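In the numbering used here, the protein residues as written are 1 to 215.
Backbone N, C-alpha and C fix where the C-beta goes; we use that ideal spot for every residue, glycine too.
Predicted, not measured: the structure shown is a model, and the values here were computed from it.
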């Protein structure tokens, strides 16, 4: 029977524990976390009205005074209707004022837009003309450069071909050492012209060899 050490047992226990899911129970909301009972007890309309009141009162102080005055004279239903109607009236007035300003501004803006469009078209046309001129200038310079390079290549080919150069004379040029001072000077010994004699005893090599012993 094989034995398993303590380290292996811990490893097996951890591996077995990781097989199962860790979260197997639901976690319901607790008190203070907007449970279903709390949402049913809350009056969302009152909270919304309170937020609107605080918002408009922070924007306009007279709104809070008018609301308090109406609250003392009328019932809650009329107050709710007035609160609903008053922001709508304010919004309508603001929208009408904005519309009137927009109409006046729209006419001015339309004229300005027309002028801007004309200026933009003129600028675009000028820019297009400049681009076209630059492209033509670049093309012309490239063509001139290619023609110049072609002429240089043709001149080099002509100079490299001896048949096309039409030289005046075909004389061989002198060597650089032709004018040396000590060139072809005698070494103090006479040089006899070489000759061929078909006789091993009377040829020049044999005679020169025998002179060492006959003197």
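In this structure, the straight-line span from the alpha carbon of residue 156 to that of residue 176 is close to 26 Å. Non-local beta-carbon contacts of residue 146 in its own chain, meaning distances under 8 Å to residues more than five positions away in sequence, are absent. With respect to residue 35, residue 29 sits close: the two C-beta atoms are nearer than 7 Å. For residue 201, the secondary structure class from DSSP, reduced to helix, strand or coil, is coil. Within the same chain, no Cβ atom closer than 6 Å to the Cβ of residue 201 is found once the five residues on either side in sequence are excluded.
Where residue 56 is concerned, the enclosing alpha helix (DSSP H) starts and stops at 44–59.
Taken atom to atom, the span from the alpha-carbon of residue 153 to that of residue 141 is near 18 Å.
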